[in-house]
Every structure is written in structure tokens, then in C-alpha cells.
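Visitor: Sharing a structure, written as C-alpha cells. Questions coming.
Protein chains in written order, with this note's numbering: chain A, 40 to 393; chain B, 179 to 447; chain C, 477 to 782.
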């Protein structure tokens with residue numbers, strides 16, 4: 040009944056050409072992706088990008104209009120949600136309010152009529168792993184948000200699914216708790232060695248936990264890569280801006296390795312593929328100089344400076360563009376209104392595809 | 179709150195007096211030893227004892243109970259199913275609106291209109307089916323007819339508090355449809371069903387107007403009995419009976435309020 | 477696959493869903509259709525039928541019931557029916573006004589208490605509404621009886637003859653009506669008063685508005701939704717009442733409810749009773765419609781003050 044091959048062949052998840060509309064709203068547009076067994080993948084994107092819908096299709100709560108979803112070669116779409124070797128941690132946790140914590144955790148095993156002794160053993164193990172053993176006799180409404188989240192995780196993991204889906208599981212937690220849970224998630228994924236698919240709109244969270252990040256936009260995958268790749272080498276303006284702090288500059292290029300920006304010509308590592316497009320540079324890649332640097336020097340005025348503990352963040356007014364964000368060492372002290380030179384090294388200038 | 183005009187308090191006490199003084203008067207009269215009239219003739223509990231052996235009163239109490247239980251069972255089953263069928267099916271908008279209207283209709287229509295509609299219906303049905311002659315059957319059917327709406331409204335509001343994620347979570351945890359019903363939906367729905375049934379039962383016990391129209395000579399409920407006894411001349415047993423009903427009603431309300439308060443207090447323990 | 481729907485994680489099809497939903501709702505809707513919706517429709521038809529020779533119904537369309545209700549029957553014009561209709565509307569109106577006059581102070585009185593006391597007092601007001609109407613009315617009969625303190629007082633003041641009871645009288649009917657409806661007036665009023673924004677009241681006072689103007693613009697405007705709900709909950713049941721008038725008003729104090737009851741009872745003239753019922757429904761609808769107009773007129777007025 041459950042699509043688990045006995046021969047131990049890897050259970051790769053394959054999503055091919057998946058299309059989904061809700062009425063006039065086209066949520067997923069021919070999305071394809073392969074996820075190898077045991078990977079921690081994060082679907083990252085703004086709300087409405089289709090990430091939750093993709094998750095719900097894998098879980099079995101939505102049927103795609105077109106496309107295939109297979110797990111280890113078995114067609115998942117033929118199976119109703121309760122016959123898929125997939126478990127979900129819901130955004131709301133969806134704990135059963137009328138059941139004690141231990142009965143919540145045991146729910147999946149009892150549904151499948153696992154023997155009582157084994158159920159008890161596995162429930163105990165899962166609760167130990169999630170450190171919720173002492174909560175066993177409580178009801179969900181007596182617990183804090185963080186405790187509920189652990190129960191939701193235990194309730195899913197106890198079934199030893201092939202794929203664990205996590206739908207924004209940390210959105211209800213405060214910042215400090217979130218950091219702890221991220222580390223915990225990573226540890227559990229290593230321990231259980233199963234595929235985790237996490238949906239989030241928080242790029243820090245995605246970077247902290249994932250082996251691989253899929254950045255989604257308008258029902259498509261905008262970029263697919265390791266956290267370092269999507270952070271260091273965004274392919275598009277959308278990714279560069281979504282991943283946080285990059286300075287995005289509008290530029291024109293005539294086919295040479297020099298791009299014309301509003302305030303200065305900038306030398307690039309390689310010619311840009313477009314006549315007009317965008318380049319990006321991370322704040323920490325910009326160097327502050329006292330004298331004009333040899334290449335890509337830009338003169339600007341510090342309009343604002345913020346001490347961030349381990350670094351200074353400067354907002355530098357360069358003529359005709361948005362202020363540039365620059366990050367400097369804590370010992371480099373500048374004052375507001377000061378005129379400085381910025382060096383934008385060609386190797387750090389990211390030519391975006393649009 | 180703010181300084182209110184001084185006359186507010188006495189006026190409010192007058193309001194409360196209008197609500198309670200007559201009930202109090204009957205309570206006192208029920209212990210009055212005088213058989214005829216209201217002259218105080220000393221304290222007695224004899225009327226309560228007589229009431230407990232009065233065949234007409236016992237028969238009416240039994241009928242009230244029978245009609246209440248039977249109609250509540252019917253209305254609870256039908257009303258709960260209706261709430262479920264409306265909630266868990268993607269009905270088109272016009273159908274939903276129509277259903278809402280239909281469910282609210284018995285709640286807002288004056289009793290007497292419902293009563294004469296039912297009288298008409300039973301008269302027509304009697305042509306084919308003798309079981310609809312005025313009596314216990316018509317009482318049960320009539321009560322169930324207006325109770326369904328109340329059950330549906332209560333159960334629906336409870337259903338609305340059970341998130342869709344509950345069913346999805348159960349499904350995700352390998353539960354099939356039967357298991358979802360037995361292990362997730364019904365346990366959570368039960369307080370709503372019980373509340374709906376209690377409301378329906380109360381309304382049935384309380385009903386006079388509809389019962390007055392549809393009952394027959396050999397099927398008298400307690401409110402009908404009291405009404406009829408006013409016509410024939412009141413006996414002190416009726417005082418006792420009324421006092422017991424008033425006290426019972428109040429005790430029931432206090433019990434429900436107490437249970438509710440205890441349940442509300444639970445999440446913070 | 478695409479022809480399948482997924483509902484709560486289960487593969488199904490639209491016809492299957494409708495089939496299941498239809499089965500679930502069929503029982504209740506068949507029941508209500510048979511015993512309620514069809515008869516209510518039939519009632520509207522019955523109002524325009526005729527009473528048969530031996531008390532049955534003859535399904536011949538005629539306006540006769542309507543003209544009879546308006547006063548013309550085979551013996552010429554008479555005020556008797558119009559008086560009943562007018563008395564019903566008047567009684568419901570006055571009852572509503574009395575309930576509002578008592579209920580508004582009570583709502584303020586409860587809302588001014590400490591938060592812990594408010595639910596208790598509200599329950600105190602609501603509890604009598606759960607006691608059977610017949611018993612409450614019967615209780616009034618007893619209380620107003622000739623040998624009870626209220627009657628002694630009236631007798632010694634010379635308001636009623638020696639040894640007389642205080643019912644059946646019009647006053648008794650009003651007492652019964654008000655005590656029956658009052659809980660349903662207080663509840664919605666209290667909900668409004670509890671949420672009152674007192675800064676607006678103080679603003680009105682600061683502008684040196686008189687007591688009445690402060691009340692009118694500072695308080696009444698804000699309580700409009702509760703006031704309307706209270707009016708509806710009081711007026712419409714009062715309009716269809718027949719127990720209280722019957723038990724406390726005597727044989728000559730007839731209301732539409734009593735008229736209907738007579739036609740379906742001793743008179744055995746169902747078509748005419750149905751016509752009286754139709755009047756009751758229409759009068760209720762007119763009242764609802766009128767109150768809706770009031771609320772729409774008040775709504776922008778109210779909004780502008782926020």
C-alpha cells in the first residue's frame with residue numbers, strides 16, 4: 040500500500056512539468072525539479088510564488104492540472120494523501136486538540152494499525168528525540184508555540200516518512216527560538232537521513248538549514264543552487280534583491296567589458312549579455328578607499344552610518360543612483376557627510392541575466 | 179463606568195421586579211395551605227405530594243419528556259447531517275444562500291405561523307396516512323421541524339471552528355475516511371452536537387404555541403396542561419408544578435453556565 | 477488524474493462529492509420541505525381559498541378573505557377585524573417602547589457594574605425568558621389575583637372595586653407583555669452599551685451639549701445597532717402573541733394571534749385564518765423593512781461621528 044520499495048534503491052523525488060491554476064490564478068507554471076534522496080531542500084520565495092501549492096501537491100492535498108510527481112519511480116499522484124510515504128508539519132501545526140501529546144504523536148502509527156508495543160516504543164523514541172517526553176500527558180492547548188512545534192515534528196517523524204514536508208514551521212516562533220529550532224532541524228535531518236522539503240519566505244532561515252535552495256517566483260524556479268551559490272551568485276535581479284542586501288545597479292553595455300552606470304563606467308569581469316540590464320554587488324564586497332582606486336572607483340558622500348556590532352553599515356550617496364549599502368570593518372571609522380572613494384572590484388560585480 | 183443618573187438603578191430594579199415578582203408569588207402560593215383562593219392558610223408541602231400522584235400531571239410530564247426526547251433525536255440526527263452536508267461539499271453560491279435562508283426561516287418566523295402551517299400539513303397528510311391524526315406523532319414531528327434549524331445552526335458554528343488542516347493532518351497521518359470521522363471530526367464536533375441537542379430539547383419542553391395547535395385531546399404536554407387548567411380553575415397542584423418547572427429551569431441554566439465556566443477556565447490551568 | 481479533485485487529501489470527483497453532500501442534506505431538507513416550506517407556500521394559497529359548507533376548504537380563488545379582514549363581510553362594514561389588527565400593531569409598538577424605556581437603563585446599569593458581576597446580572601435578566609411563557613403568564617394571573625397585595629392596594633386606592641382582581645385588564649396585558657419581552661430587549665442593548673466609546677460622550681459634554689443632546693448624539697447614535705436588534709427582537713414576537721392577551725386580556729381583548737387561533741379552532745375557517753396569518757407575516761416584513769431604512773439613514777450619520 041505504501042510506495043516504499045524494499046530493495047533500498049534511493050527514493051528520489053521527481054517533479055516534472057507541474058502546472059496548477061486556481062480559477063484564473065496560474066500558481067505553478069510547468070515546474071520541474073528533481074530532489075535526490077536525503078537532501079534538505081528549501082523552497083524560498085515571496086507569498087504567492089507557488090511554494091506552498093507545490094508542497095501541497097507532494098503531500099496530496101492538491102492535484103496538479105498537468106505534470107507528474109514520482110517518488111523512487113512510483114507515481115505519487117495516483118495515491119491519496121493517506122497512502123503516501125510523506126508527512127507534513129503544518130504551518131498551524133494542526134495538532135489534534137482533543138488528544139494528549141502522546142496520542143497526537145501515535146496518531147499516524149495507530150492509523151496504520153502498527154502493533155501497540157511497537158507504537159509505544161516508536162512514540163517514546165520520537166518524543167525523546169524531540170525532547171518532549173515530559174509533555175506526554177498534556178493537551179496541545181496547554182503548551183507553548185515552541186512545544187507545539189516539537190510535537191508536530193515528532194508526530195510526523197515517528198512515521199519514518201520518505202519525505203518530510205515543512206510548511207513555514209517557524210513562522211509562529213520568536214526570533215531566538217527560531218535560531219534554536221533551525222539548528223535542531225538540521226540535526227534531525229542528519230539523524231534520520233530523509234528528504235526534507237522546507238517552505239519559507241525567510242532567506243536567513245533558508246541559508247541556515249538547507250543543502251539546496253530553490254528560489255521561486257510566479258510559479259517557476261528562478262534559481263536552483265546551494266545556499267552559497269544563490270547568495271554569492273544571484274542570477275537575476277529578483278534573486279539578488281530577494282536574498283537580501285545586494286546593491287542592484289541599472290546599467291547599459293555595448294558588448295565590451297565595460298558597463299555604463301548612472302554615475303560611472305564600470306569594468307566587468309566579462310562582457311554583459313545584454314544592452315540594458317542590471318548588475319549587483321554585495322555590500323561587503325565594496326571597499327572604501329581614501330584615494331581614487333585604479334579601477335571602478337566611485338566618489339560618494341556618506342549619508343548615514345549605522346553601527347551593527349561586528350561591522351559598520353554605511354549608506355553612501357553616489358550621484359544619480361539609490362544610496363549604496365557598504366559594510367566596513369568596525370575599526371574603520373567614518374563620519375556622516377564625509378566624502379569617500381568606493382572601489383567596486385570587477386570580480387565582485389555580478390552581471391544579472393536581466 | 180461613568181457616573182450614571184441616579185434614577186437608573188431604581189428603574190433597573192423595577193425591571194427585575196417585573197421579571198421575578200410573579201414567579202415568586204406562585205412559589206409562595208405553592209406552599210399555601212388554602213385550597214381555594216389565595217388567602218394565606220399556613221405553610222404546607224402537601225400540594226407537592228399531591229402533584230406527584232396526580233395522574234394528569236404525570237401523564238403530561240411523561241408526554242413532554244417523550245415528545246422532547248423523540249423530537250430531539252430526530253432533529254439532532256437530521257440537523258447534524260444537514261450541517262455536515264452543507265459544510266463539506268462545494269455547493270454553488272446560490273444553493274448556499276438558499277440553504278442559509280431556509281435554515282433561518284423557522285427561527286425568525288412567528289410561532290403561530292409555523293403552527294398553522296404544520297396544522298395544514300398534517301390535515302393534508304392525514305388524508306393518506308392516519309398516523310398524522312392530532313396526538314403524540316404530530317407533536318413530535320412538529321417539534322422536530324423547528325428544532326432542526328437550531329441544531330444545524332449550533333453544529334455549523336462548531337464545525338466552522340474545526341480547521342480544514344485538522345482533516346488534512348489526519349489524512350497526512352494515514353487516516354482513511356472512516357478513521358478521520360471517528361478519531362478526529364466526531365470527537366471535536368461532539369460538544370456542538372450535544373449543545374444543539376440540549377437547545378432543541380429545551381425548546382421542545384418550552385413550546386406552547388405549536389403544541390397547542392397540533393396536539394390532540396389525549397396528548398397533553400405540561401405547558402398545555404397548565405393552560406388548560408387555567409380554563410378549568412386553578413388548583414394548588416398547578417402552583418407546585420409551576421414552581422418546580424421554574425426552579426428546574428433555573429437550576430439547569432446554572433448547571434450549564436457552571437460547566438461552561440469550568441471548561442473556559444481549563445486552557446489557563 | 478486531472479479530472480479528479482482532491483478534497484482534504486482524498487481523490488474524488490465532483491459528482492461523487494455532490495452525491496455524498498446531497499445524501500447528507502437530503503433528510504433534513506425533505507423533512508423541512510414536507511412539513512414547513514410546502515405548507516408555508518400552501519398557507520399563502522389557502523388565504524385566497526374559501527371555507528367550505530361544512531368547515532372544509534374549497535379551492536376557489538377569491539379576494540373575499542382580504543375584504544373581510546378589511547371589514548366588509550356579507551353583513552356590510554364592521555370595524556371589528558380592523559380593530560383587532562390595529563390593536564395588535566399598537567400593542568406591539570407600545571410594548572416595544574416600554575421595553576426600550578426599561579431596557580436601556582438596565583443595560584447601562586449592568587454595564588456600569590464591575591466586569592465580574594456583569595455576566596451574573598445579565599443571566600439574572602435572561603433566566604426568566606427560559607421559563608415557559610404559559611407559566612410566566614399564569615404567574616401574572618396569580619400575582620394580580622383579587623386576594624394578593626397588588627389588588628389590595630388597588631382596591632384600597634379605589635382603582636378597582638372591592639374584591640376584584642387586576643385581570644383581565646389592558647394593564648395586565650401590558651405587564652405580561654413587557655415582562656415576557658424585556659430580556660430580549662436588554663440583551664442586544666447591553667451588547668451595544670458595553671462597547672460604547674465614552675470619549676464621544678465626553679466630547680459632546682465638552683461642547684456644552686444639554687443632557688438630551690449628549691444622549692442623542694453621544695450615546696444613542698452609537699447604540700443604534702443594538703437598538704435596532706432590540707426593537708426587532710421585541711416587536712415581531714409581540715405582534716404574533718396570543719397567549720398573554722388570551723390569559724390576561726379576557727375574551728374581548730383579541731389580537732391577530734387570537735383571531736388566527738379562533739379560525740383554526742372553534743370557527744373552523746382556515747382560509748380566513750391563513751389570511752390573518754398572511755397579514756402577520758406582511759406586518760413583520762414591513763416592520764423589518766422600516767427598521768432597515770432607519771438603520772441606513774443612521775449609519776452614515778453614525779460613521780461621520782467616529
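Using N, Cα and C, we set each Cβ at its ideal position, and we do this for glycine too.
All values reported here derive from a predicted model rather than from experimental measurement.
#1: Along the chain, where does the beta strand (DSSP E) that runs through residue 351 of chain A open and close?
#2: Is there a C-beta anywhere in chain B that falls below 8 Å from the one on residue 748 of chain C?
#3: Can you tell me where the alpha helix (DSSP H) with residue 218 of chain A in it begins and where it stops?
#4: Under three-state DSSP, which class holds residue 307 of chain B?
#5: Give me the Cα-Cα distance between residue 222 of chain B and residue 416 of chain B, rounded to the nearest whole angstrom.
#6: Does residue 42 of chain A pass the burial test, meaning 16 or more other C-beta atoms within 10 Å, or should it be called exposed?
#7: Give the range of the beta strand (DSSP E) segment to which residue 338 of chain A is assigned.
#8: Please list, in chain order, the chain B residues whose beta carbon lies closer than 9 Å to that of residue 608 of chain C.
#9: So who's on the other strand from residue 60 of chain A, going by DSSP bridges?
#10: Exposed or buried, which one is residue 384 of chain B when buried takes at least 16 other CB atoms within 10 Å?
#11: Where does residue 486 of chain C sit, in a helix, a strand or coil, going by DSSP?
#12: For chain A, is any of its Cβ atoms less than 8 Å away from the one on residue 494 of chain C?
#13: Just the C-alpha distance for residue 363 of chain A and residue 381 of chain A, rounded to the nearest angstrom, thanks.
#14: Check whether the stretch 65 to 73 of chain A and the stretch 252 to 267 of chain A are in contact - that is, three or more C-beta pairs closer than 8 Å.
#15: Ignoring anything shorter than 3 residues or poking outside the stretch 238 to 314 of chain A, list the beta strand (DSSP E) runs there in chain order.
#16: Does the stretch 177 to 184 of chain A come within contact of the stretch 318 to 330 of chain B, defined as at least 3 CB pairs closer than 8 Å?
#17: Tell whether a beta-carbon distance below 8 Å holds between residue 187 of chain B and residue 312 of chain B.
#18: Please identify the residue among C:571, C:546 and C:771 whose C-alpha is closest to the C-alpha of residue 648 of chain C.
#19: Whose Cβ in chain A lies nearer than 7 Å to the Cβ of residue 347 of chain B?
#20: Run through DSSP, which three-state label would residue 477 of chain C get?
#21: Short check: CB of residue 756 of chain C to CB of residue 732 of chain C, under 8 Å?
#22: If contact means a Cβ-Cβ distance below 7 Å, which residues of the stretch 353 to 366 of chain B contact chain A?
#23: Over what stretch of residues does the beta strand (DSSP E) that includes residue 80 of chain A continue unbroken?
#24: When burial is assigned at 16 or more other CB atoms within 10 Å of the CB, is residue 366 of chain B buried or exposed?
#25: Measure the CB-CB distance between residue 748 of chain C and residue 608 of chain C and report whether it falls below 8 Å.
#26: List in chain order: all unbroken alpha helix (DSSP H) runs of 4+ residues lying wholly within the stretch 298 to 376 of chain B.
#27: According to the neighbour-count rule (16 or more other Cβ atoms, all chains shown, within 10 Å of its Cβ), is residue 309 of chain B buried or exposed?
#28: I'd like to know if residue 351 of chain B contacts chain A, where contact means its C-beta is closer than 8 Å to some C-beta of that chain.
#29: So for residue 363 of chain A, helix, strand or coil by DSSP?
#30: For residue 237 of chain A and residue 433 of chain B, I'd like the C-alpha separation in whole angstroms.
#31: May I ask you to report which of helix, strand or coil DSSP gives residue 529 of chain C?
#32: Nearest CA to the CA of residue 244 of chain B: which residue from B:275, B:431 and B:379?
#33: Got a sec: which bits of the stretch 200 to 211 of chain B sit with their beta carbon under 8 Å from any beta carbon on chain C, in order along the chain?
#34: If you count every other CB in all the chains shown that lies within 10 Å of the CB of residue 197 of chain B, and 16 or more means buried, which is it?
#35: Since I believe residue 385 of chain A is in contact with residue 335 of chain A (beta carbons under 8 Å), could you give me their beta-carbon distance rounded to a whole number of angstroms?
Guide: From the atom records:
#1: 351 to 356
#2: no
#3: 214 to 231
#4: coil
#5: 14 Å
#6: With a pLDDT of only 43 at residue 42 of chain A, under 50, the local geometry of the prediction cannot be trusted, and no value is derived from it.
#7: 336 to 346
#8: 383, 384, 385, 386, 400, 401, 404, 420, 423, 424 and 427
#9: Beta-bridge analysis with DSSP links residue 60 of chain A to A:65.
#10: Here residue 384 of chain B is buried. Its C-beta has 16 or more other C-beta atoms within 10 Å.
#11: Strand at residue 486 of chain C.
#12: For residue 494 of chain C, not one C-beta of chain A is nearer than 8 Å to its own C-beta.
#13: 10 Å
#14: yes
#15: Assignment of beta strand (DSSP E) within the stretch 238 to 314 of chain A, counting only whole runs of 3 or more residues, yields 251 to 256, 259 to 264, 286 to 292, 297 to 300 and 304 to 306 in chain order.
#16: no
#17: Taking 8 Å as the Cβ cut-off, residue 187 of chain B and residue 312 of chain B do not qualify as a contacting pair.
#18: C:571
#19: 129 and 133
#20: Residue placement at residue 477 of chain C cannot be trusted, given a pLDDT of 44 that sits under 50; what the coordinates show is reported in the next sentence. Coil, per DSSP.
#21: Less than 8 Å divides the Cβ of residue 756 of chain C from the Cβ of residue 732 of chain C.
#22: Taking 7 Å as the Cβ-Cβ cut-off against chain A, the residues of the stretch 353 to 366 of chain B that qualify are 353, 354, 357, 362, 365 and 366.
#23: 79 to 83
#24: By the neighbour-count criterion, in which a residue is buried when 16 or more other Cβ atoms sit within 10 angstroms of its Cβ, residue 366 of chain B is buried.
#25: no
#26: 314 to 339, 342 to 350 and 355 to 358
#27: Looking at its Cβ environment, which holds fewer than 16 other Cβ atoms inside 10 Å, residue 309 of chain B is exposed.
#28: Interface flag for residue 351 of chain B against chain A is set, since a Cβ pair is found closer than 8 Å.
#29: strand
#30: Roughly 49 Å between the two C-alpha positions.
#31: coil
#32: B:379
#33: 200, 201, 203, 204 and 207
#34: buried
#35: 6 Å
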